[in-house]
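**Q**
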Amino acid sequence: MTSITPTATPAPTLSVRDLRVGSPFNELLHSISFDIAAGERVGLIGESGSGKSLTATSVMGLLPETLTATGSVRLNGVDADLLTAPDRNLNQLRGNTMAMVFQEPMTALNPLMRVGAQVAEIMTVHHTVKGRRQARERAVELLTQVKLPNPREAALAFPHQLSGGQRQRVMLAMAMANDPQLLLCDEPTTALDVTVQAEVLGLIGKLVTDRGTSLLLITHDIAVVAEVCQRVLVMYQGNIVEDGPVGRVLTAPQHPYTQKLIAASDLSSVDDRGRLHTMSMPVVATPVVSTAETSPRRMPTDAAALPLSPAHRAAHQRIEADDAPVIFNEVTGTPAIRVRDLSRQYRRRGGSVFTTAPIVHGLREVSFDVAEGQRFGIVGESGSGKSTLMRILCALDQPTSGLVDVLGQPIKGASERQLRNFRSQVQIVFQDPMGSLDPRMKVRDIVAEPLRHVDRAEARARVEAQLAAVGLDADVMDRHPHQFSGGQRQRISIARALITRPRVLVADEAVSALDVSVRAQVLNLLADLVDEYQLTLVFVSHDLGVIRHLCDTVAVISDGRIVECGPTGDVYDRPLHPYTRQLVSATPSMDELARRVTA
Amino acid sequence: MRVHTRRNLIASVATVMIASMALVGCSNGATTADGEPDTTLTVGLLATPGNLDYTTTAGAAIPQALLYNVYEGLVKLDNDGTIIPLLAKSWTVSDDGLVYDFALEEGVTFSDGSPFTAETVKFSLERVKDNWTANGPGYLDPIASIEAVSDTEARITLTKPSNSWLFNMSGPVGTMFTESGIADLATAPVGTGPYTVSSFKTGDSLVLAANADYWGDAPYMTDVTLRYFTDATAQTNALLSGDVNLVAGISQFQLVGQFKSNSDFQVLEGASTGEVTLSMNNASDAFSDVRVRQAVMYGIDRQVVMDTANSGYGLLIGSMVPPTDPWYDADLAELYPYDPDKAIELLAEAGASDLTIAFKIPNLPYAVAGAQVVKDQLAKVGITANVTALEFPAVWLDEVFSNHDYDMSLIMHSEPRDVTAFAAPTYYAGYNSPEVMAKFAEADAADADAYVELMKEATTTMAEDAAADWLYLQPAISLADADLVGVPKNTPSLALDLSTIAR
Amino acid sequence: MVLVVLRRIGVFATTVVVASIVTFLMLSILPGNAARIALGVQATEADVAAQTTAMGLDRPAVVRYLDWFGHVLIGDFGTSTVSRQPIGPEITDALGITVILVLTSVVLALLFAIPFGVLTAVRQRKPDGAILSGISQIGVAVPGFLAGMLLVTVFAVTLRWLPAGGWVDPGDDFAGFLEHLILPAIALGSVQGAVLSRYVRSSVLEVMREDFIRTARAKGLGAGRALFRHGLRNAAVPVMTVLGLQIATLLVGAVVIERVFSIPGLGSLLLDKVALRDLPAVQGIVLVLVVFVLALNFLVDLAFTLIDPRLRSAS
Amino acid sequence: MTASDPRVTTDTPRRPRSAATGRNGAATLWTGLVLIGLVVLAALVSMWWTPFDPEGVFSDSILLPPGSEHLLGTDSFGRDVFSSILRGAQISLLVGTVAVSIAAVLGVPFGIVAGMNPGRLDQFMMRGNDISLAFPALLLAIIFGAIFGAGTVTAMVALGIGTAPAFALIARSGTMQIMSREYVQAARASGKSGVFIGVRHILPNISGMLIVQASVSFGIAVLAEAALSYLGLGTPPPTPSWGRMLQDAQGYLFIEPLLIVWPGIAIAVAVLGFNLLGDGLRDRFDPKMQVKR
């Protein structure tokens, strides 16, 4: 029996040495070593598959049964190696000495248990409070500390009654309940809207600073690290390739991978051709754990140059306090897209035996134009109505009321036959590189799908040409989607969208699911193709940075209406609507981040 | 002792295992734990009655349970098939065979208290013509008039002499009803018999209780439960496990063997009236030629059919006459010995060498088993039989019995003396012999000796004509606890007479 | 809210009416003449014709349907053409027996399936888990009536501990009722239990991969406690669906076991009545079965609402 | 009865299964395939050859114990039990195949159409499905047996129709999941018709779960055929069927108890095979794994 007795010597809170994690088939983590000092806030950054989450689960002792870890993980005050300690002892540490917050706020809480009880449980499990009543009282207190509105009522709520941000606050309350020495956060804000993300990050920072808790924050987003952490570890292919203070790593990355990563993350920085920095070159993974200073790298400060200036320049307008209808970006003459007083209501699916499905207002009296050749961005958070708007523009959904004309084709009430021509003129690129390609079809068939009345030989030729245009070889034609990486799949999606030579391209969060390195490549490709085919682009995204890079005009949508619209630079630099301001400050540019960190 | 062991089991679950094993063994003695004689009896039967009214509901199940037990007539058949007095103490027949004078038992009452008199006889028998729809109201057609001479004397006059009439009076149609007891025949029968119905659950059980006011000798068994099974194995299992004391009317004889070697039980083999009949549609193209029918007779080894499909139980009869009938002729069993070559020859003669027939059987276990053997044997003489098992009774009655849409079938005819009905040209067998019909009519009106002789002639002719292939006589096998006595062995009538059973 | 409940009931009622029409139509093409069966082999064609009229079988189908369903709505299932008794009580008696049998077997099945299923899930990768899982797999593969036959042979016929079959009303003799219930309930329950344990196992395996179980583990709950406190209720939801469907199929499915044990349940009654072409009774039984299943679905829906707060509050 | 209910499926993203589950799954899958292979082999071999005629009557070899000539003994008609078991595999496979095909042909298009048309049509169709769910296979078999006469065809049709609603539910919930995929949106945005989307996108992508369901239903059909034979609603003699062999053997339980063992084992092997196959395939095609991410 290993007992938990405090050791006398002052030591780092967490000490990881030579941690290796392997599956029966291969090694996933190659000798990871790092320390976290008491009260230190450390970020662990890397792209998907780099091994950052495995590191955290190894520390918690929650690796899947099929993976094995070697090396040592020591926690200050615990007289045992966590990797070899029996589960019973780890149980006493988990949730007590070290706690963890997971990425998925939607699923990380037990859906059938009231959140207050879930918070109280962690205290009763470790007997840190006397009795259930006190645990419940303390739970409400904690919920107050994480700034949950109406904490007493919220404690009685079930997880589904809370928003994602609120659930993540509950997770935080739970994690902090027993004042752990170490808090591990695995992508705590990735699933949240940007504005919420900033609040939750602020909260994490405050909680750990106030209590002197050590923090290990895992994320793919360099901005998140910059926001909260003092030190950052960069992971690449199962190795820590860089370790240093955030400010230094941000401004003077040392390892080639870090350099590329930071360059690619910076959507405001472009090369001499106006293109984003990409990470197309393979990076050799050589672990570097030095903190030596290198010469600071000059950060480009100018905003992304717009390669194509449309004839039309949007007026910068915002919705007024009286909610009077505004026609945004009004175009004289014939616009590519004309939307007037568009409303869309729908019944939420589901409901139970006793309740009717509630009516949801997806869009409320939206009016705007998009000019031919314009790159029109629509930015908004989840539930804002941006996806509904996009679906209606593509005639995948019908407006409840109002007028929608796309390329002169009225959408409302149009039959599929009437839309036949429209369908080849308006094409769409989706967010999810997994879900947007039918896994059972060959690339050849996927890309050719929108073609009509085209014989096999010609279809083949056009597919080949289109694949070449998006940078894929012809030999991919007979493969299935699962054989491609996320970025390649997105290229295939784009090829499919462009094969009919559409005039309007609608992109729905087209780069949101991609790793930073790939994102830049796809954005560059999109920009090139829009130019080449003289497309009218409607780009829907939650990420203001992406929109700013790609679009000349942006509409900010919130709660079913456009609250502000104007040239991207104007909106970004001089936001008119408070919501836009919030949005802008929540998505700082790299420069801004560097400024904040070094300040 | 055995009877009550299971109650203990539930009462003292902890000791079940050892206790019950110890108690199970001693299954002997006719007393209960209190030392009183055990007069309760549970009988396991197949074929449940749908209701209790045999005046309008066909089937053997209701008479089996009620006739002689709850209901009585003027006469009954004893276990040897002899007509003996019941409610009629005695009777005389006029020389011309037309007038029957019955002297009735005195002091007989129905279970509802109403008296049994000559008027009851008149009421009951006259009711048959208009109110009975099942169980052969036509059997009483010979009656010209019924007269209550006094309370205890009834005179019945026939239109013509009939030998079968009195025999039929021993069956359901002869039942005595009281006017006050016919309101609810389907559930509340009122009779003069030794038992009354105390409860009835369709498909499950019929409980009889001794009639305290019975005019005759009180039966030994005071409480009798008839339990109905749908599955023959379940039925015999119930006997093995002690749930029932007596199983009557076994139909799957492979189940019998295990009881023969077990001294806790007795196996009672008797004669029945159930002729298992391979019927041929005499009116169909396939079998209208007597040579084809005879070919079937030669082509089938009845001993093998009986051995294989009936585990060797039964009696080869060769005609539709069981040994309990006076005109039984044992030699007929040898009329058509197994001779496949002869069969092939006859078929060739009849130009039916490549015969294919529709063999439509009821989906009853004995028929399904028998048909497989028959099909196999017919194939050997070049007859292809396409076997279809029709749902019994519904579809079989419809297709085969009513519409005569078949070539061959296999079914047991269980009613007593049903050979006359079988010979009718309208009957499903389609056998049309005016000569035989005339002989039956003559026999019925003849004196006792001539009656037997004429019946023998007619039935022999039918056998020679190969009107059907009477494969074998189903034995009446009853299985009972070893301590039961007086269990009726034979089933000369439809009734299961409980009054003689004792321990 | 009231409106919604009314609408749900309206939908339910419509379903019942449609089901009644389906039932009626399906059974109206039954071959075999009920009148002939009632009269037996000695009756003449004229007798049969008269009986047909007497039984009302010569009226148009629509009239017969309306007459039948109209009476069913006021609780009158008509009179059996065989027993001459009102059908309602016959059905109620048989349904009662079957429901007792099925529910007892389901309780037995759950008593077996829950611990067994959880165990096989938790011990998934251990040899004992694989062996237990194999046992339940084989249990699923054994026909229920074979299990019944073997139980009768061992416990009734050979050991004579329990009756081989039959049924005793609990009101008449409770001890006797239990004796008669044990073997059929075990026969029915063992196979169902094996089936259910497969579902419990896969449901628990599913739940064990859920994020909130990981959260519970991160809170310091041991694997067992995490599963017990957080997993089981979640795992219950899909199992309940299966359970509802199982009970629904068992109402008829129990007929095989009823046959083995000579129990006068609803399935047996149906088989008997079909054989006798007791059309009013058959229609009544089928309708009761169908409505029972529909109502069961409704109840399962309701149970979901109770167990899962996500369904309770839609807004 | 195996049916998944749309109520129980969630959009919860899952992590992929670990490697070990996969290996377990593979073992399960292969065990299942081997057992099914045995049954299929028996059925195929018995088409051309059995040691003895399983349909004849041999009065000189009744109820022989297992021995060198008759490997598993003979039954009350003198038939070689081993031959009957071999030939019985045909009926089991036939009933399973036809019943599952009928169920799939009826249920899958129904479920896909319902799943592709959320709203009124879906509601309406699901009420219809509820009604057919209320007529379980056994009930249909009893009714159909009375209407059309009992037999293999009736049993297969009843089982098929009775199993169809389960397929409809599976197909519908699968369709609803696929309908939310972006490639369906993309196809719609390309002007593809509902039929095209149903056939080209939805059917191939739900085929995994359908195969799992088919496999499990197959096992259930084999069991149901046995039960129907026991009730006298199955395959009529002399065609050998395992279920009827069991029923026949029941009467000889005290004379030749082994007679009940062989068909019992045969049924268990077939059902086990299909269940294991289903489990193994479920690990392969876990519908949850197709959910995005």
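Protein chains in written order, with my numbering: chain A, 920 to 1518; chain B, 41 to 543; chain C, 108 to 422; chain D, 158 to 450. For glycine and all other residues, C-beta sits at the position ideal for the given N, C-alpha and C.
1) Compare the Cα-Cα distances from isoleucine 392 of chain C to each of C/Ala157, C/Pro193, C/Leu352 and report the closest residue.
2) Between which residues of its own chain and cysteine 1313 of chain A is the CB-CB distance below 7 Å, once the five residues before and five after are set aside?
3) Work out the CA separation of glutamate 1483 of chain A and threonine 1499 of chain A for me, nearest whole Å.
4) Starting from valine 1362 of chain A, trace the alpha helix (DSSP H) in both directions and tell me its first and last residue.
5) Rank A/Ala1233, A/Ile1311, A/Gly1302 by C-alpha distance to the C-alpha of aspartate 1288 of chain A and give the top, closest one.
6) Restricting to runs no shorter than 3 residues, where is the beta strand (DSSP E) found entirely within the region 394-463 of chain B?
7) How would you list, in chain order, the residues of chain D whose beta-carbon sits under 9 Å from the beta-carbon of threonine 1106 of chain A?
8) Suppose contacts are defined by Cβ-Cβ distances below 8 Å. Is isoleucine 320 of chain C in contact with leucine 334 of chain C by that definition?
9) Check tyrosine 338 of chain B in the structure and name its three-state DSSP category.
10) Within 10 angstroms of its Cβ, does arginine 1013 of chain A collect 16 or more other Cβ (buried), or is it exposed?
11) Just checking my contact of isoleucine 451 of chain B with alanine 407 of chain B at CB under 8 Å: how many whole Å lie between their CB atoms?
12) Given that a residue counts as buried once 16 or more other Cβ atoms are within 10 Å of its Cβ, and exposed if not, what is arginine 439 of chain D?
13) When the Cα of glycine 163 of chain C is compared with those of C/Leu401, C/Ala294, C/Leu386, C/Gln244, which residue comes out closest?
14) Given a threshold of 16 other Cβ atoms within 10 Å of its Cβ, counted over all protein chains shown, does isoleucine 1311 of chain A qualify as buried or as exposed?
15) Is the beta carbon of phenylalanine 156 of chain B less than 8 Å from the beta carbon of phenylalanine 150 of chain B?
16) Report yes if the CB atom of alanine 1110 of chain A is closer than 8 Å to the CB atom of proline 1507 of chain A, and no otherwise.
17) Which whole-angstrom value describes the C-beta separation of alanine 520 of chain B and asparagine 285 of chain B, a residue pair presumed to lie in contact below a C-beta threshold of 8 Å?
18) Between the Cα of valine 525 of chain B and the Cα atoms of B/Val307, B/Thr160, B/Ala469, B/Leu395, which residue gives the shortest distance?
19) Just how far apart, CA to CA, sit alanine 101 of chain B and serine 135 of chain C?
20) Mind pulling the chain D residues with CB within less than 7 Å of serine 1355 of chain A?
21) Determine whether the beta carbon atoms of lysine 169 of chain B and proline 182 of chain B lie at a separation below 8 Å.
22) What's the C-alpha gap between aspartate 347 of chain B and alanine 373 of chain B?
23) By Cβ distance, which residues of its chain are closer than 7 Å to glycine 421 of chain D, with the 5 residues on each side in sequence left out?
24) Please compile the residues from chain D whose C-beta is within a distance smaller than 7 Å of the C-beta of threonine 122 of chain C.
25) Between asparagine 432 of chain D and alanine 248 of chain C, how many whole angstroms is the CB-CB distance? I'm expecting something under 8 Å.
26) Would you mind telling me which residues of chain A sit closer than 8 Å to phenylalanine 319 of chain C, beta carbon to beta carbon, in chain order?
27) Can you list the residues of chain B that glutamine 407 of chain D reaches, using a CB-CB cut of under 7 Å?
28) If I follow the unbroken alpha helix (DSSP H) through alanine 945 of chain A, where does it start and stop?
29) Roughly how many whole angstroms lie between the Cα atoms of proline 1369 of chain A and isoleucine 1413 of chain A?
30) Given a limit of 8 Å on CB to CB distance, which residues of the region 412-443 of chain B reach chain D?
31) Where alanine 301 of chain C and isoleucine 289 of chain C are concerned, what is the direct C-alpha to C-alpha distance, given to the nearest angstrom?
32) What's the C-alpha gap between glycine 1332 of chain A and glutamine 1317 of chain A?
33) Helix, strand or coil for proline 173 of chain D? Go by DSSP, reduced to three states.
34) Excluding the 5 residues flanking leucine 403 of chain C on each side, which residues of the same chain have their C-beta closer than 8 Å to its C-beta?
35) What residues of chain D sit near leucine 134 of chain C, judged by a beta carbon separation below 9 Å?
36) In the region 287-302 of chain B, which residues sit with their C-beta less than 7 Å from some C-beta in chain D, listed in chain order?
**A** Working from what's here:
1) Sequence index remark: in the third sequence, residue 392 of chain C carries index 285 (1-based). Nearest of C/Ala157, C/Pro193, C/Leu352 to isoleucine 392 of chain C, Cα basis: C/Pro193.
2) Taking the first sequence and counting its residues from 1, the one referred to as residue 1313 of chain A is at position 394. These residues qualify, in order along the chain: Val1345, Ile1347, Val1425.
3) Here residue 1499 of chain A is taken as the residue at index 580 of the first sequence, counted from 1. Here residue 1483 of chain A is taken as the residue at index 564 of the first sequence, counted from 1. Between the C-alpha atoms of threonine 1499 of chain A and glutamate 1483 of chain A there is a straight-line separation of about 7 Å.
4) Looking up residue 1362 of chain A in the first sequence gives position 443. Boundaries of the alpha helix (DSSP H) around valine 1362 of chain A: 1362-1367.
5) Start at 1 with the first residue of the first sequence, and residue 1288 of chain A comes out as number 369. The option with the nearest alpha carbon to aspartate 1288 of chain A is A/Ala1233.
6) The qualifying runs are 395-402, 423-430, 448-453.
7) Reading the first sequence from its first residue, position 187 is the one you call residue 1106 of chain A. One point to set straight first is that residue 1106 of chain A is glutamate, not threonine, in the sequence displayed. Those do not exist, as glutamate 1106 of chain A stays about 13 Å from chain D at its closest Cβ, beyond 9 Å.
8) The residue given as residue 320 of chain C occupies position 213 in the third sequence. The residue given as residue 334 of chain C occupies position 227 in the third sequence. Taking 8 Å as the Cβ cut-off, isoleucine 320 of chain C and leucine 334 of chain C qualify as a contacting pair.
9) Within the second sequence, the letter at position 298 stands for residue 338 of chain B. Of the three classes helix, strand and coil, the one that applies to tyrosine 338 of chain B here is helix, per DSSP.
10) Counting from 1 along the first sequence, the entry for residue 1013 of chain A is found at position 94. Its Cβ being crowded by 16 or more others within 10 Å, arginine 1013 of chain A is buried.
11) As a working mapping, residue 451 of chain B is identified with position 411 in the second sequence. As a working mapping, residue 407 of chain B is identified with position 367 in the second sequence. Isoleucine 451 of chain B to alanine 407 of chain B, Cβ: 6 Å. Contact.
12) The sequence position of residue 439 of chain D within the fourth sequence is 282, counting from 1. Arginine 439 of chain D should be labelled buried.
13) On the third sequence, residue 163 of chain C is found 56 positions in, with the first residue counted as 1. The closest CA to that of glycine 163 of chain C, considering only C/Leu401, C/Ala294, C/Leu386, C/Gln244, is found on C/Leu386.
14) Counting from 1 along the first sequence, the entry for residue 1311 of chain A is found at position 392. Around the beta carbon of isoleucine 1311 of chain A, 16 or more other beta carbons lie within 10 angstroms, which makes this residue buried.
15) As a position in the second sequence, residue 156 of chain B is number 116, starting the count at 1. As a position in the second sequence, residue 150 of chain B is number 110, starting the count at 1. Their beta carbons are under 8 Å apart, which means phenylalanine 156 of chain B touches phenylalanine 150 of chain B by this criterion.
16) Reading the first sequence from its first residue, position 191 is the one you call residue 1110 of chain A. Reading the first sequence from its first residue, position 588 is the one you call residue 1507 of chain A. 8 Å or more divides the Cβ of alanine 1110 of chain A from the Cβ of proline 1507 of chain A.
17) Locating residue 520 of chain B in the second sequence gives position 480, where the first residue counts as 1. Locating residue 285 of chain B in the second sequence gives position 245, where the first residue counts as 1. Right, their Cβ atoms sit about 6 Å apart.
18) As a working note, residue 525 of chain B is residue 485 in the second sequence. Residue nearest to valine 525 of chain B within the set B/Val307, B/Thr160, B/Ala469, B/Leu395 is B/Val307 (criterion: CA-CA distance).
19) As a working note, residue 101 of chain B is residue 61 in the second sequence. As a working note, residue 135 of chain C is residue 28 in the third sequence. So the alpha carbons of these two residues sit roughly 28 Å apart.
20) Here residue 1355 of chain A corresponds to residue number 436 of the first sequence, with the count starting at 1. Correct list: Glu339, Tyr340, Ala343.
21) Residue mapping note: residue 169 of chain B aligns to position 129 of the second sequence, counting from 1. Residue mapping note: residue 182 of chain B aligns to position 142 of the second sequence, counting from 1. Cβ atoms of lysine 169 of chain B and proline 182 of chain B: not closer than 8 Å.
22) For the purposes of this step, residue 347 of chain B is taken as residue 307 along the second sequence, with counting starting at 1. For the purposes of this step, residue 373 of chain B is taken as residue 333 along the second sequence, with counting starting at 1. The straight-line gap separating the alpha-carbon atoms of aspartate 347 of chain B and alanine 373 of chain B is approximately 16 Å.
23) Residue numbering aside, residue 421 of chain D sits at position 264 when the fourth sequence is read from its first letter. Listed in chain order, the non-local C-beta contacts of glycine 421 of chain D below 7 Å within the same chain comprise Leu403, local neighbours out to five positions each way being set aside.
24) The sequence position of residue 122 of chain C within the third sequence is 15, counting from 1. What threonine 122 of chain C touches in chain D: Arg284, Asp287, Ile288.
25) For the purposes of this step, residue 432 of chain D is taken as residue 275 along the fourth sequence, with counting starting at 1. For the purposes of this step, residue 248 of chain C is taken as residue 141 along the third sequence, with counting starting at 1. Contact check for asparagine 432 of chain D and alanine 248 of chain C: beta-carbon distance about 7 Å, within the 8 Å limit, so the pair qualifies.
26) For the purposes of this step, residue 319 of chain C is taken as the residue at position 212 of the third sequence. Ordered by position in chain A, the residues that pass the 8 Å Cβ test against phenylalanine 319 of chain C are Thr1026, Ala1027, Leu1028, Asn1029, Pro1030.
27) As a first step, residue 407 of chain D is located in the fourth sequence; it is residue number 250 there, counting from the start. Within chain B, Thr273 have C-beta atoms less than 7 Å from the C-beta of glutamine 407 of chain D, given in sequence order.
28) Mapped onto the first sequence, residue 945 of chain A falls at position 26. First, the residue type needs correcting, since residue 945 of chain A is asparagine and not alanine in the sequence shown. First-last for asparagine 945 of chain A: undefined, no H or E at that position.
29) On the first sequence, residue 1369 of chain A is found 450 positions in, with the first residue counted as 1. On the first sequence, residue 1413 of chain A is found 494 positions in, with the first residue counted as 1. Approximately 12 Å, taken between the alpha carbons.
30) Near chain D, meaning a CB-to-CB distance below 8 Å, the residues of the region 412-443 of chain B are Gln412, Val413, Lys415, Asp416, Gln417, Val427, Thr428, Ala429, Leu430, Glu431, Ala434, Val435.
31) The residue given as residue 301 of chain C occupies position 194 in the third sequence. The residue given as residue 289 of chain C occupies position 182 in the third sequence. Distance between the alpha carbons of alanine 301 of chain C and isoleucine 289 of chain C is about 18 Å.
32) Residue numbering aside, residue 1332 of chain A sits at position 413 when the first sequence is read from its first letter. Residue numbering aside, residue 1317 of chain A sits at position 398 when the first sequence is read from its first letter. Those two C-alpha atoms are separated by around 7 Å.
33) Within the fourth sequence, numbered from 1, the residue matching residue 173 of chain D stands at position 16. Confidence is the limiting factor: at proline 173 of chain D the pLDDT is only 39, short of 50, which leaves the residue's position unreliable and the question unanswerable from this model.
34) Taking the first residue of the third sequence as position 1, residue 403 of chain C is located at position 296. Excluding residues up to 5 positions away in sequence, Gly351, Ile354, Ala355 lie with their Cβ nearer than 8 Å to the Cβ of leucine 403 of chain C in the same chain.
35) As a working mapping, residue 134 of chain C is identified with position 27 in the third sequence. Within chain D, the residues near leucine 134 of chain C are Ile300, Ala303, Ile304.
36) Those would be Gln292, Gln294, Leu295, Gly297, Gln298, in chain order.
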